[in-house]
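Read in order, the letters of the sequence shown correspond to residues 7 to 167 in my numbering. Every residue, glycine too, gets a C-beta built ideally from N, C-alpha and C.
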Amino acid sequence: MDEQILFQEKQYLGRDWTWISVRLILALFCFVAYYINWEHVVSQQLFFIVGVGILLVSIIMLYMVSYRTTVTKTHVILSGLWTTSLVKIDLNSIKHIEKKRYSNFFFNNPVYNLHKNGKIRFYSGGKEALWLTDKDGLVYVIGSQYPAQLVQAVEKAKNEK
């Protein structure tokens, strides 16, 4: 890629604090059930194996890249996991840039290229997102851990033309 990169961020699948908390509570439940269940050895072992499995999967998910956001002088490029397609948003077609809250919900599932209600969503974690509106009225919602820097990079790329 010969274009200058103005901003780059990796969103990880397992680093959203709400879902980490849910997985840890499930593992804690399994370990408490393992400790309490003295009489039935088979179910005791099963609770222990499931608790350790939840912890191992949680650790693996901490290092899985959900998608990568790259801002160049001409495009916002979103590349996802193994089989997902590359999404290039041309900055010439963007007419409105805004930073605001991703969603009002407490729990948000990670999504990549989800088309719903005239919006295309990209999210793995964070509370705020970049909202890009193109000339056709299509809205791209890009969740970010660093939304201020992402907005600044997109505005800088858009103004340099």
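Item	Value
When the Cα of leucine 52 is compared with those of His121, Met70, Ala33 and Lys133, which residue comes out closest?	Ala33
Going by C-alpha distance, which of Cys36, Lys106, Gly131 and Asp140 is nearest lysine 164?	Asp140
Please report the distance separating the alpha-carbon of threonine 80 from that of lysine 101.	14 Å
Taking only beta-carbon atoms, is isoleucine 42 less than 8 Å away from chain B?	The structure shown has no chain B; it contains just one protein chain.
Mark tyrosine 41 as exposed unless 16 or more other C-beta atoms lie within 10 angstroms of its C-beta, in which case mark it buried.	exposed
Please report the distance separating the alpha-carbon of threonine 76 from that of tyrosine 152.	13 Å
Would DSSP call leucine 19 helix, strand or coil?	coil
According to DSSP, is glycine 57 part of a helix, a strand, or is it coil?	helix
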